[in-house]
Amino acid sequence: MYYIGFDIGSSSIKAALISAKTGKSIASVNEPEEEMNIISIHKEWAEQNPEFWWEYVCKASKRLLKENTINPDQIIGIGISYQMHGLVLLDKEGELIRNSIIWCDSRAVEIGNKAFREIGEAKCMTTLLNSPANFTASKLKWVRDNEPEIYKRIYNFLLPGDYIAYKFSGIVNTTKSGLSEGTLWDFKKDKPAKWLLQHYGISPSLIPDVVPTFSRQSELSSKGADESGLKEGTPILYRAGDQPNNALSLNVLNAGEVAATGGTSGVIYAITDNLFAKEGLKLNNFAHVNHSEEQVRIGKLLCINGAGIQYRWLKNNLNLETNSYQTMNSHASKVPVGSNNLQLIPFGNGAERMFNNQNIGTHICNLNLNKHTRSHIFRAALEGIAFSFVYGMEILKKDGTEIKVIRAGNDNLFRSEIFSNTVATLINQEIEIYNTTGAIGAARAAGLSDGTFKDFGTMITKNDHVMTYHPLQNQEDYIEAYKNWKRELNRIIKK
Numbered sequence: 002m003y004y005i006g007f008d009i010g011s012s013s014i015k016a017a018l019i020s021a022k023t024g025k026s027i028a029s030v031n032e033p034e035e036e037m038n039i040i041s042i043h044k045e046w047a048e049q050n051p052e053f054w055w056e057y058v059c060k061a062s063k064r065l066l067k068e069n070t071i072n073p074d075q076i077i078g079i080g081i082s083y084q085m086h087g088l089v090l091l092d093k094e095g096e097l098i099r100n101s102i103i104w105c106d107s108r109a110v111e112i113g114n115k116a117f118r119e120i121g122e123a124k125c126m127t128t129l130l131n132s133p134a135n136f137t138a139s140k141l142k143w144v145r146d147n148e149p150e151i152y153k154r155i156y157n158f159l160l161p162g163d164y165i166a167y168k169f170s171g172i173v174n175t176t177k178s179g180l181s182e183g184t185l186w187d188f189k190k191d192k193p194a195k196w197l198l199q200h201y202g203i204s205p206s207l208i209p210d211v212v213p214t215f216s217r218q219s220e221l222s223s224k225g226a227d228e229s230g231l232k233e234g235t236p237i238l239y240r241a242g243d244q245p246n247n248a249l250s251l252n253v254l255n256a257g258e259v260a261a262t263g264g265t266s267g268v269i270y271a272i273t274d275n276l277f278a279k280e281g282l283k284l285n286n287f288a289h290v291n292h293s294e295e296q297v298r299i300g301k302l303l304c305i306n307g308a309g310i311q312y313r314w315l316k317n318n319l320n321l322e323t324n325s326y327q328t329m330n331s332h333a334s335k336v337p338v339g340s341n342n343l344q345l346i347p348f349g350n351g352a353e354r355m356f357n358n359q360n361i362g363t364h365i366c367n368l369n370l371n372k373h374t375r376s377h378i379f380r381a382a383l384e385g386i387a388f389s390f391v392y393g394m395e396i397l398k399k400d401g402t403e404i405k406v407i408r409a410g411n412d413n414l415f416r417s418e419i420f421s422n423t424v425a426t427l428i429n430q431e432i433e434i435y436n437t438t439g440a441i442g443a444a445r446a447a448g449l450s451d452g453t454f455k456d457f458g459t460m461i462t463k464n465d466h467v468m469t470y471h472p473l474q475n476q477e478d479y480i481e482a483y484k485n486w487k488r489e490l491n492r493i494i495k496k
């Protein structure tokens, strides 16, 4: 028997099969082959047609069954992970009204900022744990203000994962974790923040019913089963946004545990057991997948826009003999810690929230034309990105976050010993590396939901653990290099 998990991204749909007996990943697929298109008819707008998400979910589901010779009745549960903060609108008949306004769309920034000023920082930070900012609630307000004819037709709004669950089942509902990512959960009262919608002049009746993140949320309808190739009555057992789900995939569920991602951008997602949010404008605070009123589990999310994108830019523009990260890492390993006082500031991918939305840019500092080579540049880039992670963790600690262990996927930056050793040594914590994906995590979460996987952490360690980076002994060199990097960063910020 098997569980199936789906990860609804903005570039592709990922699906994975998990053995219900061992939790081992059996197979994974991506749809489509090319990245999905993002519609951007105005600067800083980003939309997608949710019907395409469903189309590719169905293709991925059928492929997994066919390619692995699995009968639909062998699938005993479904888990869903999805791109966060998106807005999907349905009319009274359950039909889509417009394209989804997705996570990277920034049209509602000023709407959220204005609400933050009007409602007050104290109330927002003690109830929502965030500014309304550019999240789902503010995007809905934008529709109300700018598309009144469309707004009149809205019967329910959904998050992207809610929509896929609806297409499977015909049932409209959402989760506490999902509403919190849209800044629509009141943590003081432990219920939907209807007052925020009322502030926006929006009827709270548009909020769907709320079901637990781990539960029998709904079952496949005959229509959903026919289109997806799965069996009618198969339960949907789990649903969560991609960052909370990524943390679950890495067995990050309790206070002091941190999930880190080192892709084009960097993400630090730390779990805490309190509702304190001092640095809420520099990071976000969401109900984690296992949060409840009795057991507080808040995921503090800090995003670093300028991370792996810098290293990729160097790879594509420095005319390497072999165009690969391995070649770059090999060059970098020949240079000592600190890159002979060469520093790279990696924030060249837009405004950075941890610097109060300043657009700092990328900088190469103290380049000596007689001493430094491209090997120094490669090392300084890896160190600079690692330093930005450490800087972000210092912000989290100011926010009352304890960091006991870091877990990361075996991808991109964390494959580099220089990068991982730098972070581990400066924060004096181990970094555990795992081979897993969001789709695998969602499938396993379905098994956790129905009680099949009793010892979840052991299962993940047994199936996925690759290696562990330990703090190095020569901390002084790393501390000195980080101090020099921060000195240059502060000089740039104060300009």
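The sequence shown maps to residues 2 to 496 in the numbering used here.
Ideal Cβ positions, reconstructed from N, Cα and C, are used throughout, including at glycine.
Bear in mind the structure is a predicted one, so any value in this text is a computation, not a measurement.
Based on the DSSP secondary-structure assignment, which residues constitute the bridge partners of residue i?
| i | result |
| --- | --- |
| Cys366 | Gln344 |
| Arg240 | Ile81 |
| Val212 | Thr176 |
| Arg217 | The partner list for Arg217 (beta bridge, DSSP) is empty, contrary to what the question assumes. |
| Pro472 | DSSP, once it has assigned bridges, lists no residue as partnering Pro472. |
| Pro193 | Trp186 |
| Lys1 | There is simply no residue 1 to check, as the chain begins at 2 and stops at 496 in what is shown. |
| Tyr435 | Gly410, His466 |
| Ile378 | The partner list for Ile378 (beta bridge, DSSP) is empty, contrary to what the question assumes. |
| Lys301 | Ala271, Asn286 |
| Leu159 | Val89 |
| Gln49 | Ser101 |
Would the beta-carbon of residue i fall within 8 Å of that of residue j?
| i | j | result |
| --- | --- | --- |
| Gln344 | Asn367 | yes |
| Glu258 | Gly307 | no |
| Gly6 | Gly300 | no |
| Leu414 | Gly230 | no |
| Gly171 | Ser206 | no |
| Ser219 | Asn174 | yes |
| Ile165 | Ile39 | no |
| Met394 | Ile428 | yes |
| Ala1 | Asn69 | Since the first and last residues shown for the chain are 2 and 496, residue 1 lies out of range. |
| Asn464 | Lys25 | yes |
| Val336 | Ser376 | yes |
| Leu88 | Lys124 | no |
| Ile305 | Gly267 | yes |
| Arg408 | Leu159 | no |
| His292 | Ser178 | yes |
| Phe188 | Leu254 | no |
| Val211 | Leu185 | no |
| Phe136 | Gly183 | yes |
Is it buried or exposed for residue i, if we count other Cβ within 10 angstroms and need 16 for buried?
| i | result |
| --- | --- |
| Met126 | buried |
| Ser101 | buried |
| Met460 | buried |
| Ile480 | exposed |
| Arg488 | exposed |
| Glu384 | buried |
| Ile42 | exposed |
| Leu370 | exposed |
| Asp163 | buried |
| Arg118 | exposed |
Cutting at 8 Å between CB atoms, please list the residues of its own chain near residue i, excluding the five before and the five after it.
| i | result |
| --- | --- |
| Lys399 | Lys279, Glu280 |
| Thr469 | Glu431, Ile432, Glu433, Ile434 |
| His471 | Ala425, Glu431 |
| Leu321 | Thr328, Met329 |
| Ile404 | Gly257, Val259, Ala271, Met394, Leu397, Lys398, Ile428, Gln430 |
| Arg313 | Thr265 |
| Arg145 | Tyr152, Tyr201, Gly202, Ile203 |
| Ile494 | Phe356, Gln359, Ile361 |
| Asp92 | Ile98, Arg154, Ile155, Tyr156 |
| Leu473 | Asn422, Ala425, Thr426, Tyr479 |
Could you tell me how far apart the beta carbons of residue i and residue j are, in whole angstroms, since I believe they sit closer than 8 Å?
| i | j | result |
| --- | --- | --- |
| Gly80 | Ala446 | 5 Å |
| Gly401 | Asn275 | 7 Å |
| Leu65 | Ala138 | Leu65 to Ala138, Cβ: 35 Å. No contact. |
| Thr363 | Gln311 | 6 Å |
| Cys105 | Ala47 | 5 Å |
| Pro236 | Arg217 | 5 Å |
| Asp243 | Ser82 | 5 Å |
| Ile103 | Tyr57 | 15 Å between Cβ atoms; not a contact. |
| Ile269 | Leu303 | 5 Å |
With a threshold of 6 Å on Cβ separation, who are the neighbours of residue i within its own chain once the five nearest residues in sequence on each side are excluded?
| i | result |
| --- | --- |
| Leu60 | The question names Leu, but residue 60 in the sequence shown is Lys. For Lys60, where only same-chain residues beyond five positions count, the Cβ hits under 6 Å are Glu32. |
| Leu198 | Pro205 |
For residue i, I'd like the list of residues in its chain whose CB is within less than 7 Å of its CB, leaving aside the five on either flank, ordered along the chain.
| i | result |
| --- | --- |
| Phe53 | Met37 |
| Arg99 | Leu90, Ile151 |
| His332 | Arg375, Ser376, Phe379 |
| Asp451 | Gly78, Leu238 |
| Ala387 | Phe420, Thr423, Val424 |
Can residue i be considered in contact with the ligand ATP, in the sense that its beta carbon sits closer than 7 Å to one or more heavy atoms?
| i | result |
| --- | --- |
| Asn422 | With respect to small molecules bound, the structure shown includes none, and the ligand ATP cannot be examined in it. |
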